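Colleague:
In the working numbering, the protein residues as written are 31 to 357.
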C-alpha cells in the first residue's frame with residue numbers, strides 16, 4: 031500500500047513553450063537592441079498571458095480579441111492589477127502580434143482592437159536636496175572600502191542620473207581621460223557622454239585606490255573590467271538588486287523612510303534638482319538618455335507642483351482673506 035506524501039501542493043505546470051515567443055524575443059535583441067532585462071520583462075508578461083489562455087485551451091499565438099480582452103479583464107478584476115501594469119501587458123501583446131503579422135505567421139492582429147486602460151499621470155518620487163546630502167554624509171561616515179565605494183556610487187548617480195543598470199555595469203574604461211565625464215552605453219546600445227561634478231570626480235579618485243578590495247584573485251578575469259566589481263556576483267559587478275538593498279539600509283541609517291529610496295528615485299532627484307537650479311530641459315534629456323523629450327517633461331510637472339506649493343505656503347498674497355461684503 032502506498033501512502034501519499036504530505037507537503038506543499040504541487041504548483042501548476044507552466045506552459046512548456048509559448049509558440050513563436052522565442053522568435054519574437056530574439057528579434058527584440060537583434061533588431062531593436064533590447065537589453066537582457068527588457069527581454070526578460072517581455073518574456074514574463076507574455077508567458078503570464080499564455081498561462082491564463084492555456085487554462086482555456088487557447089495558445090497565445092492563436093488567441094483572438096475576445097480571448098485577450100478576457101485576460102486583461104481578469105488582471106483588473108481578479109488580480110487587482112494597476113492600470114499601468116495592464117497597459118504594460120497590453121503593450122507587450124500588441125508588439126508580439128505585430129511581429130507575427132509582419133512575419134506572415136498570422137493574418138490579423140487581435141490586439142489592435144483593444145483600448146488601453148485609463149490611467150493618471152503619476153509624478154515620480156523624489157528626495158529633497160537635504161535628504162540626498164544626509165545619505166551622502168551617512169555613507170561618508172561609514173569609512174573603509176565599502177563606505178568609500180558607496181560614496182562614489184552615490185555621487186556618480188546623483189551627478190549623472192544614470193539608470194541603475196548603467197551605473198553598476200560601468201566599465202573602468204568609461205571614465206574619460208581627463209576624468210571630467212563618462213561615456214555611457216544606454217538603451218539600444220546608444221552611447222552618450224555625461225559630465226561628472228567635482229564631488230563625483232573626487233569620490234571616484236578616492237575610491238579607485240581601494241577598488242582592488244573588491245577583486246578576487248580567482249575571479250579577477252571577470253571582474254577587472256568593471257568600475258564597481260563585486261566579490262560574489264556572477265556577472266562580476268555589483269548587481270542592481272544588491273545596490274538597491276544597500277541604499278535602503280543607508281536610508282534607515284540616515285533616518286529616511288527606506289520606502290522613499292531607490293536608485294531610480296535618485297535618478298529622479300538628479301533631474302528635478304537640475305531643473306530647480308535652472309538647467310534646460312534638452313540638456314537634462316541628453317544626460318538622462320531619453321529618446322523623446324516628452325519623457326523628460328514629466329519632471330517639469332514635479333518642479334511646477336513644488337513651486338506652486340511654495341507660493342501657496344509662503345507668499346503673503348497667496349491666502350485669500352475673506353472681507354465682509356465681498357463674495
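The C-beta atom is built at its ideal place from N, Cα and C for all residues, glycine as well. Every value quoted in this text rests on a predicted model; they were computed, and no experiment measured them.
Please list the terminal residues of the continuous alpha helix (DSSP H) segment that includes residue 160.
Modeller: In the chain shown, counting from the first residue as 1, residue 160 sits at position 130. Where residue 160 is concerned, the enclosing alpha helix (DSSP H) stretches over 159-172.
Colleague: Assuming contact is defined by CB atoms lying nearer than 9 Å, are residue 230 and residue 185 in contact in what I supplied?
Modeller: Translated into positions along the chain shown, residue 230 becomes position 200. Translated into positions along the chain shown, residue 185 becomes position 155. Contact flag set, yes.
Colleague: To the nearest angstrom, how far is the alpha carbon of residue 178 from that of residue 207?
Modeller: Here residue 178 refers to the residue found at position 148 when the chain shown is read from its first residue. Here residue 207 refers to the residue found at position 177 when the chain shown is read from its first residue. Approximately 22 Å, taken between the alpha carbons.
Colleague: List the endpoints of the continuous beta strand (DSSP E) containing residue 196.
Modeller: Working through the chain shown from its first residue, we reach residue 196 at position 166. No beta strand (DSSP E) contains residue 196, which is instead part of the alpha helix (DSSP H) from 194-198.
Colleague: Whole angstroms are fine: how far does the CA of residue 319 sit from the CA of residue 85?
Modeller: Against the chain shown, residue 85 aligns to sequence position 55. Against the chain shown, residue 319 aligns to sequence position 289. Taking the straight line joining both Cα atoms gives about 41 Å.
Colleague: With distances taken between CB atoms, is the gap from residue 233 to residue 182 smaller than 9 Å?
Modeller: As a working mapping, residue 233 is identified with position 203 in the chain shown. As a working mapping, residue 182 is identified with position 152 in the chain shown. Contact: yes.
Colleague: Could you tell me which residues DSSP pairs with residue 205 in its beta bridges?
Modeller: Taking the first residue of the chain shown as position 1, residue 205 is located at position 175. Bridge partners of residue 205: 212.
Colleague: Would you call the stretch 157-175 in contact with the stretch 90-101, where contact means no fewer than 3 C-beta pairs closer than 8 Å?
Modeller: Flag = no, the stretch 157-175 and the stretch 90-101 do not touch.
Colleague: Can you give the beta carbon distance from residue 290 to residue 157, rounded, assuming they're within the 8 Å contact cut?
Modeller: Taking the chain shown and counting its residues from 1, one reaches residue 290 at position 260. Taking the chain shown and counting its residues from 1, one reaches residue 157 at position 127. At roughly 7 Å, the Cβ-Cβ gap stays under 8 Å, so residue 290 and residue 157 are in contact.
Colleague: For the candidate residues 224, 56, 239 and 118, whose alpha-carbon lies nearest to that of residue 193?
Modeller: Taking the chain shown and counting its residues from 1, the one referred to as residue 193 is at position 163. The shortest C-alpha separation from residue 193 is found at 224.
Colleague: Identify the continuous alpha helix (DSSP H) that holds residue 59 and give its terminal residues.
Modeller: Indexing the chain shown from 1 puts residue 59 at position 29. 51-61 is the span of the alpha helix (DSSP H), which, as asked, contains residue 59.
Colleague: Just to confirm my understanding: we take residue 50, look at its own chain, exclude 5 residues before and 5 after, and list those with CB closer than 7 Å. What are they?
Modeller: Taking the first residue of the chain shown as 1, we reach residue 50 at position 20. Excluding positions up to five away in sequence, the list reads 91, 130 and 135.
Colleague: Who are the near neighbours of residue 111 in its chain, counting only those whose CB is closer than 7 Å to its CB and skipping five residues on each side?
Modeller: Numbered from 1 along the chain shown, position 81 holds the residue referred to as residue 111. Closer than 7 Å at the Cβ level, and outside the excluded window around residue 111, lie 105.
Colleague: Go ahead and pull the three-state DSSP assignment for residue 223.
Modeller: Position 193 of the chain shown, counted from the first residue, corresponds to residue 223. Correct three-state label for residue 223: strand.
Colleague: Helix, strand or coil for residue 258, going by three-state DSSP, please let me know.
Modeller: Here residue 258 corresponds to residue number 228 of the chain shown, with the count starting at 1. DSSP places residue 258 in coil when its eight states are reduced to three.
Colleague: Alpha carbon to alpha carbon, what distance is there between residue 115 and residue 237?
Modeller: Taking the chain shown and counting its residues from 1, one reaches residue 237 at position 207. Taking the chain shown and counting its residues from 1, one reaches residue 115 at position 85. Residue 237 and residue 115: Cα-Cα distance of roughly 39 Å.
Colleague: Taking its Cβ as the centre, do 16 or more other Cβ atoms sit within 10 Å of residue 337, making it buried, or is it exposed?
Modeller: Within the chain shown, numbered from 1, the residue matching residue 337 stands at position 307. Annotation note: pLDDT 44 at residue 337 (below 50); position unreliable, coordinate value reported separately. Looking at its Cβ environment, which holds fewer than 16 other Cβ atoms inside 10 Å, residue 337 is exposed.
Colleague: Which stretch, first to last residue, makes up the alpha helix (DSSP H) that contains residue 126?
Modeller: The sequence position of residue 126 within the chain shown is 96, counting from 1. Looking at the DSSP string, the run of the alpha helix (DSSP H) that includes residue 126 is 113-132.
Colleague: Using the C-alpha atoms, what's the distance from residue 80 back to residue 69?
Modeller: The residue you call residue 69 lines up with position 39 of the chain shown. The residue you call residue 80 lines up with position 50 of the chain shown. Answer to the nearest angstrom: the Cα atoms are 16 Å apart.
Colleague: From residue 127 to residue 61, what distance separates their C-alpha atoms?
Modeller: Counting from 1 along the chain shown, the entry for residue 127 is found at position 97. Counting from 1 along the chain shown, the entry for residue 61 is found at position 31. Whole-angstrom Cα-Cα distance: 16 Å.
Colleague: Among 160, 87 and 253, which has the Cα closest to the Cα of residue 284?
Modeller: What you label residue 284 is simply residue 254 of the chain shown in a count that begins at 1. Residue 284 has its Cα closest to that of 160, out of 160, 87 and 253.
Colleague: If contacts are defined as beta-carbon pairs under 8 Å, then residue 222 and residue 216 qualify, I think. What distance do you get, rounded to the angstrom?
Modeller: Here residue 222 refers to the residue found at position 192 of the chain shown. Here residue 216 refers to the residue found at position 186 of the chain shown. Correct: roughly 6 Å between the Cβ atoms.
Colleague: Looking only at C-alpha atoms, which of 71, 202 and 133 sits nearest to residue 121?
Modeller: Numbered from its first residue, the chain shown carries residue 121 at position 91. The option with the nearest alpha carbon to residue 121 is 71.
Colleague: Looking only at its own chain, which residues have a Cβ that is under 7 Å from the Cβ of residue 252, when we skip the five neighbours before and after it?
Modeller: Within the chain shown, the letter at position 222 stands for residue 252. Taken in chain order, the residues that qualify are 266.
Colleague: Taking the alpha carbon of residue 239 as the point to measure from, which residue in 58, 257, 200 and 145 has its own alpha carbon closest?
Modeller: Locating residue 239 in the chain shown gives position 209, counting from the first residue. It is 257.
Colleague: Where DSSP assigns a beta bridge to residue 267, which residues make up the other side?
Modeller: Numbered from 1 along the chain shown, position 237 holds the residue referred to as residue 267. Note: residue 267 sits in a beta bridge opposite 259.
Colleague: Expressed to the nearest angstrom, what Euclidean distance is found between the alpha-carbon atoms of residue 48 and residue 89?
Modeller: Position 18 of the chain shown, counting from 1, holds the residue named residue 48. Position 59 of the chain shown, counting from 1, holds the residue named residue 89. About 7 Å.
Colleague: Does the Cβ of residue 302 lie closer than 8 Å to at least one heavy atom of the ligand GDP?
Modeller: Looking at this structure, you won't find the ligand GDP or any other ligand, since it has none at all.
Colleague: What ranges does the beta strand (DSSP E) occupy inside the stretch 282-323, keeping only unbroken runs of at least 3 residues that lie completely in it?
Modeller: Entirely contained in the stretch 282-323, not one beta strand (DSSP E) run reaches 3 residues.
Colleague: Pull up the CB-CB distance for residue 102 and residue 144, whole angstroms please, since I reckon it's below 8 Å.
Modeller: For the purposes of this step, residue 102 is identified with residue 72 of the chain shown, where counting begins at 1. For the purposes of this step, residue 144 is identified with residue 114 of the chain shown, where counting begins at 1. Contact flag correct, Cβ pair sits at about 7 Å.
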